[in-house]
Amino acid sequence: MKTTIRVMLVALLLSTPVNSFAATNKAGGACTSVGKTTTIAKEKYICQVVKKKKIWVKAPVVDPIAAAISVAMKVTKLPANLESTLTTARTDKSAWLKESDPCSVDFPDVRVPDCPGGDPNGSKLIVLYGDSHASMWMPAIDAIAKKNGYRVELFAKLACPIVEVPIWSYQLNRPFKECNEWQKLVLTKIKTLKPDILIVTDQWKPAVVNGEKSDFDTETVWEKEFPIALASLNSYTKKLIVIGNNPSMTTDSVNCVSKPGVTISICASVRTKADNNAINKIEQKAALALKATYIDTVSWACDAYMCPAVIDNKLVYFDQWHFSATYVNWLTPTLAKAISLKY
19 MKTTIRVMLV ALLLSTPVNS FAATNKAGGA CTSVGKTTTI AKEKYICQVV KKKKIWVKAP
79 VVDPIAAAIS VAMKVTKLPA NLESTLTTAR TDKSAWLKES DPCSVDFPDV RVPDCPGGDP
139 NGSKLIVLYG DSHASMWMPA IDAIAKKNGY RVELFAKLAC PIVEVPIWSY QLNRPFKECN
199 EWQKLVLTKI KTLKPDILIV TDQWKPAVVN GEKSDFDTET VWEKEFPIAL ASLNSYTKKL
259 IVIGNNPSMT TDSVNCVSKP GVTISICASV RTKADNNAIN KIEQKAALAL KATYIDTVSW
319 ACDAYMCPAV IDNKLVYFDQ WHFSATYVNW LTPTLAKAIS LKY
């Protein structure tokens, strides 16, 4: 009985703000200097004055990405210690996204190459499926998989989202029939593989209605067809994850920040014009309806109003639509946490 009471008291002590003299001596030391911090039961506390007494108060949790974006919005000049130079910014992309890589399936191509990653001896499997944004995230998924004993298979085709309906190709200037042909081949493979984790990500493309591009109907088509495509994929895996589309900048970041003497704050994009909000909401709703995980990536590049071109001395994009490899690498621990894996 005494042991039970002792355990209950210790649990109570560790679950509430530490504010008694005895507790501070035992756990975090005396709270003598306002602003001093300590760690108690793996949580950070700060010494503050409350009702004329110095006590330990649980420190607010600071989101490092939000903090970095807040700093970025105050920066006016291109940092001298930029992690990727302006001359290499265009090529600062995922290795799986480079034109020379066989995993980068081009617009008229319908091949399904073998694109492994992660731990080659892993007993579990992650499949990453989508368009060029899947390739964009592959460095992070590859690194996370290696630390968690997962093999990875990447299935990615340029400008080919996961919805199984006719879409328009800007690059080919016609209905993108190769996308639908490729999707069928990939879905057969995924069904056979039965991955432990299936991660999908894409960017919307214009729907084709009566053989013509129709921007007007795209939202309606996505609202109807994305849940169908996702439900089908959900039946092939134990765990389905949707990585929401990152913001699309309204100007080319690299071109903008490269201008001599530019005030780089003008290279930021307004969040409401960049965040693909309507389509992301459709995809989020579909994911949550299946009890799948949905990861909102907009807050990884924007504050409440703006999306800066440079964050934490890193160029966020290598074009208008894709995160740079440097930025993806920086986001890797955050992505790992979002998909409940260690890093």
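First residue of the sequence shown? That's 19 in my numbering, and the numbers climb one at a time after it. Even glycine gets a Cβ: it sits at the ideal position worked out from N, Cα and C.
In chain order, what residues of the same chain have a beta carbon less than 8 angstroms from the beta carbon of residue i, not counting five sequence neighbours either side?
i    : result
D160 : G135, G136 and V170
V128 : E196, E199, W200 and L203
T268 : S287, V288, K291, A292 and Q338
T298 : Going by the sequence as given, residue 298 is Asn instead of Thr. Excluding positions up to five away in sequence, the list reads G262, N263, D314 and V316.
K54  : I64 and C65
How many angstroms separate the CA atom of residue i from the CA atom of residue j?
i    : j    : result
K164 : N139 : 9 angstroms
Y168 : I144 : 6 angstroms
K309 : E101 : 38 angstroms
I259 : V52  : 44 angstroms
M156 : A113 : 9 angstroms
A40  : T57  : At A40 the pLDDT is 37, less than 50, meaning the model places this residue with poor confidence; the figure from the coordinates comes in the next sentence. Spanning the two alpha carbons is a distance of roughly 16 angstroms.
P326 : Y63  : 32 angstroms
K3   : N273 : The displayed coordinates of the chain run from 19 to 361. Any statement about residue 3 would go beyond what the structure contains.
D330 : A322 : 18 angstroms
Y361 : K70  : 42 angstroms
A98  : E182 : 46 angstroms
K277 : A296 : 33 angstroms
L190 : T255 : 33 angstroms
W222 : L306 : 19 angstroms
V275 : E237 : 33 angstroms
M91  : I162 : 30 angstroms
E243 : E61  : 45 angstroms
Look up residue i in the DSSP assignment and say whether it is helix, strand or coil.
i    : result
W348 : helix
S342 : coil
N37  : With a pLDDT of 42 at N37, under the threshold of 50, the modelled position of that residue is not reliable, and no figure is offered here.
Q189 : coil
E101 : coil
L333 : strand
K209 : helix
S266 : coil
M324 : strand
K195 : helix
I217 : strand
V123 : strand
K175 : strand
P131 : coil
S287 : strand
D110 : coil
A84  : helix
T42  : Note on T42: pLDDT 49, under 50, position unreliable in the model; the coordinate value appears next. Helix, per DSSP.
D370 : Nothing about residue 370 can be read from this structure; the chain reaches only from 19 to 361.
S253 : coil
M91  : coil
A48  : coil
E182 : coil
With which residues is residue i paired in a DSSP beta bridge?
i    : result
K142 : Y168
Y312 : V260
F244 : The partner list for F244 (beta bridge, DSSP) is empty, contrary to what the question assumes.
Q66  : I73
E230 : V227
E61  : I58
S271 : In the DSSP output, where bridge partners are listed per residue, S271 has none listed.
Y361 : Partner(s): none; Y361 has no beta bridge.
G148 : A174 and T219
I136 : The sequence given here has Gly at residue 136, not Ile. For G136, which the question treats as bridged, DSSP gives the partners R169.
Which same chain residues, not among the five before or five after residue i, have their C-beta less than 6 angstroms away from its C-beta?
i    : result
N294 : N263
Y345 : K332 and V334
K257 : I215
A158 : V346, T350 and L353
P245 : A304
V368 : Only positions 19 to 361 of the chain appear in the structure, and residue 368 is not among them; the question remains open.
A356 : I313
Tell me which same chain residues have a C-beta within less than 7 angstroms of the C-beta of residue i, skipping the five on either side of it?
i    : result
G229 : P193
C49  : T42, C65, K72, I73 and W74
D233 : P224
A319 : N264, P265, C325 and V334
N166 : L359 and K360
A343 : D110, K111, S112 and P157
W240 : V181, W222, I297 and I300
With a threshold of 8 angstroms between beta-carbons, can residue i be considered close to chain B, or not?
i    : result
S283 : Here there is only one protein chain, and chain B is not present.
Report yes or no: do three or more beta-carbon pairs, one from the region 131–144 and one from the region 92–106, lie closer than 8 angstroms? no
State whether the region 148–157 contacts the region 333–351, with contact taken as three or more CB pairs (one from each stretch) at a distance under 8 angstroms. yes
Do the region 276–284 and the region 343–359 meet, that is, are 3 or more Cβ pairs less than 8 angstroms apart? no
Three-pair Cβ contact test at 8 angstroms for the region 238–254 versus the region 73–81: no
Check whether the region 206–214 and the region 176–187 are in contact - that is, three or more C-beta pairs closer than 8 angstroms. no
Three or more C-beta pairs below 8 angstroms linking the region 173–184 and the region 117–125: yes
Is the region 82–90 touching the region 306–316 in the sense that three or more CB pairs, one from each, lie closer than 8 angstroms? no
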